[in-house]
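Residue numbers (my numbering), protein chains in the order written: chain A, 1 to 360; chain B, 1001 to 1135.
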């Protein structure tokens, strides 16, 4: 006999509110429904009432983890509408900040995954690494969460002591490569809890249009940093890790390898950091009538901003935000089918969901 | 002939323009939305999103369908008649949530599909993002 088992909207296994309504046969999940909207703040509509300065501050608050990425994507769109290209140094600083944010996000996720695996020691270790990344973000921006780094035509703060950041990255990379990555790639506990569960086949991943590490763990080698480069990514060398098994372990491995790739990118960006100004000096911006579309590879996958503006208007006429979790979340339904109820929290967490982003 | 030119030829679209964002926009005058989707999927294009924009002077809406083909964004603008447009959910399941969201935010009907609430709570009605409702 089947029964319904709700998980959420408020549940110890969830970091933010959403609801997974599971239909179970004994301990096995036969199907599931997802309910979102508990964090709906009407941000897209609010954006239509904000000028460009207020708009950047507003969109920084779509997501707490990817706050830099959201303003980066927005500012890239606004730069197309104002025909302002950021100077080269700003492009490299954007890469460094974006990769630090990826490190921060992946390490935070690793901690949460470890907690859900029942690996509490690793959870504590991951949050210790995360502190070090946040220290770096604070050294550069002065802030630990909402960095206020991006502006139209550049960035607000320079990297004054690149060597310190480089030393911190080198140290962190060594620690993560020595302690965290081997646990995820070869530990018995991680393999036992993650291998063969929450499988998303390549065909289903393509059908759902999933993005980011969720897609790459199902054998889809997509990454905007390589496929449609922005900022200074075209001038940097890095690999795009891809796994083919589509299970929770594959998503774990992809993120573990991406942490090392991010360190590699940051090191290159610091070594190549050009001299010069960090932003265009215009104090007022002339918007042309039109729509600009910008995409960035956030830690969870592709973020898309579509911004429409009318000349001489103080506010945008439309801002549409498509976040990665918005397209990855529906795939959770297929991942949990056939899984044990006890694995559901870990499976849904394996896409690294962000409900604030999803609901906006 | 590159992939975009091949696609334009298959769709019989002569006018493909590129905007400042690098998006290739296809004119959709003679295109049937539901015929377009299988062609795009066959070429390996990935559905990205649909952006609904309320046109001024009560002229209705524009729905811009965005697809990604090997890192290149492709745009297909459609103008729903009487706020109704065919759903593509049965052809492309990635469009499910965005169709539901646009229905709830702009009260646009995607014909041929059923809706489940996505963002709305009890006693709320579709159209929460419409300018006239927000005022």
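Don't be surprised by glycine CBs; every beta carbon is placed ideally from N, CA and C. Here the structure is a predicted model, which means the values were calculated and not measured.
Counting only beta-carbon atoms, is residue 1042 of chain B nearer than 8 Å to chain A? So no, residue 1042 of chain B is outside the interface.
Excluding sequence positions up to five away, which residues of its chain have a Cβ less than 6 Å from the Cβ of residue 225 of chain A? The answer, listed in chain order, is 233 and 297.
Using the DSSP secondary-structure output, state which residues sit across from residue 1064 of chain B in a beta bridge. Answer is B:1051 and B:1077.
Closest by C-alpha distance to residue 367 of chain A, when choosing among A:37, A:38, A:256 and A:21: The requested residue 367 of chain A does not occur in the structure, where chain A is confined to residues 1 to 360.
By alpha-carbon positions, which one of A:140, A:215, A:114 and A:52 ends up nearest to residue 329 of chain A? Checking every option, the nearest Cα to that of residue 329 of chain A belongs to A:215.
Can you tell me the Cα-Cα spacing of residue 1072 of chain B and residue 174 of chain A, whole angstroms? Residue 1072 of chain B and residue 174 of chain A: Cα-Cα distance of roughly 37 Å.
In chain A, which residues lie less than 8 Å from residue 1222 of chain B when you measure between Cβ atoms? Outside the shown range of chain B, which is 1001 to 1135, sits residue 1222 of chain B, and nothing can be said about it.
Check whether the region 196-207 of chain A touches the region 315-323 of chain A, taking contact to mean three or more Cβ pairs, one atom from each stretch, closer than 8 Å. Counting C-beta pairs closer than 8 Å gives fewer than three between the region 196-207 of chain A and the region 315-323 of chain A, which falls short of the contact rule.
Roughly how far, in whole angstroms, is the beta-carbon of residue 183 of chain A from the beta-carbon of residue 190 of chain A, given that I think they are within contact range, below 8 Å? Rounded, the Cβ-Cβ distance is 6 Å, consistent with contact.
Nearest-angstrom beta carbon gap, residue 108 of chain A and residue 176 of chain A [assumed within contact, 8 Å]: Wrong, their Cβ atoms sit about 13 Å apart, outside the cutoff.
Determine the direct distance from the alpha carbon of residue 123 of chain A to that of residue 342 of chain A, and round the result to whole angstroms. Take the alpha-carbon of residue 342 of chain A and the one of residue 123 of chain A: they are about 19 Å apart.
Taking Cβ positions, are residue 229 of chain A and residue 101 of chain A nearer each other than 8 Å? Inclusion of residue 229 of chain A and residue 101 of chain A in the CB contact set at 8 Å is not warranted, their separation being larger than that value.
How would you write the range of the beta strand (DSSP E) that residue 23 of chain A sits in, first residue to last? Boundaries of the beta strand (DSSP E) around residue 23 of chain A: 19-25.
What's the C-alpha gap between residue 13 of chain A and residue 23 of chain A? Approximately 18 Å between the Cα atoms of the pair.
How about residue 184 of chain A: is its C-beta nearer than 8 Å to some C-beta of chain B? Answer no: the Cβ-Cβ gap between residue 184 of chain A and chain B never drops below 8 Å.
Return no unless some Cβ of chain B is closer than 8 Å to the Cβ of residue 304 of chain A. Closer than 8 Å: yes.
Can you give the Cα-Cα distance for residue 1 of chain A and residue 25 of chain A, rounded to whole angstroms? CA-to-CA, the gap between residue 1 of chain A and residue 25 of chain A works out to about 6 Å.
Taking only three categories from DSSP, how would you classify residue 174 of chain A? In this structure, residue 174 of chain A counts as helix in the three-state DSSP scheme.
Three-state secondary structure (DSSP) of residue 264 of chain A: If DSSP states are grouped into helix, strand and coil, residue 264 of chain A belongs with the helices.
Sequence-distant residues of the same chain with beta carbon closer than 6 Å to residue 243 of chain A, five excluded per side: Sequence-distant partners of residue 243 of chain A (beyond 5 residues in either direction) whose C-beta falls short of 6 Å from its own C-beta, in its chain, are 217, 250, 253 and 254.
DSSP-derived helix/strand/coil call for residue 4 of chain A: Reduced to three states, the DSSP call for residue 4 of chain A is strand.
Counting only Cβ pairs nearer than 7 Å, list the residues of chain B close to residue 327 of chain A. Listed by position along chain B, the residues whose Cβ is nearer than 7 Å to that of residue 327 of chain A are 1094.
Interface residues of chain B facing residue 318 of chain A [CB-CB closer than 7 Å]: In chain order: 1053.
Among the candidates B:1126, B:1130, B:1059 and B:1041, whose CA atom is the shortest distance from the CA of residue 1091 of chain B? Answer by Cα proximity: B:1041.
Of the listed residues A:137, A:220 and A:139, nearest to residue 1070 of chain B (C-alpha basis): Residue A:220 is the option with its Cα nearest to residue 1070 of chain B.
Does any C-beta atom of chain A lie closer than 8 Å to the C-beta of residue 1115 of chain B? Chain A contact via Cβ: absent.
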